[in-house]
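*Asks:*
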Amino acid sequence: EPFPLPRELFLSQSPFLKAAVSSTWTQDPGKPVDLSDHSAETFNDYINCVYLTRVPMPDFTPPEDASDDDDGPTWMPTEPFVCTRTDFGSLIRIYVLADKLGDLATANIVMDAIVEYASAAMANFDDQDIRSIYEATAGVSNPLRKLCVYQYVLERKIAINPAFAPVQLLSEVYFENLGILNGAGDEERVKEIFETPATTRDRCYFHQHDSEHAECTD
Numbered sequence: 004e005p006f007p008l009p010r011e012l013f014l015s016q017s018p019f020l021k022a023a024v025s026s027t028w029t030q031d032p033g034k035p036v037d038l039s040d041h042s043a044e045t046f047n048d049y050i051n052c053v054y055l056t057r058v059p060m061p062d063f064t065p066p067e068d069a070s071d072d073d074d075g076p077t078w079m080p081t082e083p084f085v086c087t088r089t090d091f092g093s094l095i096r097i098y099v100l101a102d103k104l105g106d107l108a109t110a111n112i113v114m115d116a117i118v119e120y121a122s123a124a125m126a127n128f129d130d131q132d133i134r135s136i137y138e139a140t141a142g143v144s145n146p147l148r149k150l151c152v153y154q155y156v157l158e159r160k161i162a163i164n165p166a167f168a169p170v171q172l173l174s175e176v177y178f179e180n181l182g183i184l185n186g187a188g189d190e191e192r193v194k195e196i197f198e199t200p201a202t203t204r205d206r207c208y209f210h211q212h213d214s215e216h217a218e219c220t221d
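Just remember that our numbering sits 3 ahead of the position in the sequence shown, which is counted from 1.
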């Protein structure tokens, strides 16, 4: 499915797209860029995130008259109005696309949404999410991989199935635990490490930066 895009906006956002339409890559600058390995749904959600400079998310704030019963809360979060679906799977796919395009500004925005969604919805990556992340990313410094390790090691939100988990995740979890044990120093430091949820960490911890995307400022 073709997506006509405002050239100036998206070429400034994405080094990948800028290179793809340049004469150094193709003799036909007007030729469409093939991103058929990503769904039209994901690309549409990515476009909306670029235009809005945020990810439309459900409102998880309970109303004043909300109450709980034995089956849990009696209220439901409002639905998002732009993203096709709001769950880890769709957010992961938007992030992977933004990362591939070199659009770090949008990737960082989506990463913030993933962290906030995990906290607000009291959710965490499942086996399929983890598999998708490790198939689509590379390197221990990738923010999605860092969050996988963080959820398991520090927030204790993931129960890893060794038979299903990627070998890279098991290795990264091992070395993260080893680093904490070797570098903690005292009981108070260990307590501080394990009581720091992802949502309260420095904003840059799960972000990517380069010469065109400066370090975060609050």
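For each residue, glycine too, the CB sits at the ideal point set by N, CA and C.
1) May I ask which residues mark the beginning and end of the alpha helix (DSSP H) holding L51?
2) Figure out for me which residue from T202, A139, L104 has the closest Cα to the Cα of L38.
3) Please classify T109: is it buried, with 16 or more other beta-carbons within 10 angstroms of its beta-carbon, or exposed?
4) Looking only at C-alpha atoms, which of E11, F19, D40, S42 sits nearest to Y54?
5) So, using beta-carbon positions, are A116 and V58 closer together than 8 Å?
6) What do you reckon, are the CB atoms on S135 and I95 nearer than 8 Å?
7) If we ignore side chains and look at the alpha-carbon of each, how far apart do L147 and S122 end up?
8) Looking at the secondary structure, which residues open and close the alpha helix (DSSP H) in which E11 lies?
9) Expressed to the nearest angstrom, what Euclidean distance is found between the alpha-carbon atoms of D132 and K21?
10) Flag this pair as yes or no: are the beta carbons of N127 and Q154 separated by less than 8 Å?
11) Considering only the beta carbon of each residue, do F6 and F46 sit closer than 8 Å?
12) Can you round the beta-carbon distance between F2 and V118 to whole angstroms, since I take them to be within the 8 Å contact cut?
13) Taking the alpha carbon of N145 as the reference point, which residue from Y177, G182, N111, P9 has its own alpha carbon closest?
*Replies:* The answer reads as follows:
1) Locating residue 51 in the sequence shown gives position 48, counting from the first residue. One point to set straight first is that residue 51 is Asn, not Leu, in the sequence displayed. Membership of N51 in the alpha helix (DSSP H) is indicated by the continuous run 43 to 55.
2) For the purposes of this step, residue 38 is taken as the residue at position 35 of the sequence shown. A check of alpha carbon separations from L38 across T202, A139, L104 identifies L104 as the nearest.
3) In the sequence shown, the residue the question calls residue 109 occupies position 106. The residue is buried, with at least 16 neighbouring Cβ atoms inside 10 Å.
4) Here residue 54 is taken as the residue at index 51 of the sequence shown, counted from 1. Of the candidates E11, F19, D40, S42, the one whose C-alpha sits nearest the C-alpha of Y54 is E11.
5) In the sequence shown, residue 116 corresponds to position 113, counting from 1. In the sequence shown, residue 58 corresponds to position 55, counting from 1. At the C-beta level, A116 and V58 come within 8 Å of one another.
6) Counted from its first residue, the sequence shown places residue 135 at position 132. Counted from its first residue, the sequence shown places residue 95 at position 92. In terms of Cβ geometry, S135 and I95 form a close pair [threshold 8 Å].
7) In the sequence shown, residue 147 corresponds to position 144, counting from 1. In the sequence shown, residue 122 corresponds to position 119, counting from 1. C-alpha separation (whole angstroms): 15 Å.
8) Residue 11 sits at position 8 when you count from the first residue of the sequence shown. 10 to 16 is the span of the alpha helix (DSSP H), which, as asked, contains E11.
9) Your numbering for residue 132 matches position 129 in the sequence shown. Your numbering for residue 21 matches position 18 in the sequence shown. Answer to the nearest angstrom: the Cα atoms are 30 Å apart.
10) Position 124 of the sequence shown, counted from the start, is the residue given in the question as residue 127. Position 151 of the sequence shown, counted from the start, is the residue given in the question as residue 154. Yes. Within cutoff.
11) The residue given as residue 6 occupies position 3 in the sequence shown. The residue given as residue 46 occupies position 43 in the sequence shown. With respect to F46, F6 sits close: the two C-beta atoms are nearer than 8 Å.
12) This structure gives no information on residue 2, because the portion of the chain shown stretches from 4 to 221.
13) Taking the first residue of the sequence shown as 1, we reach residue 145 at position 142. When each option's Cα is compared against that of N145, the closest is N111.
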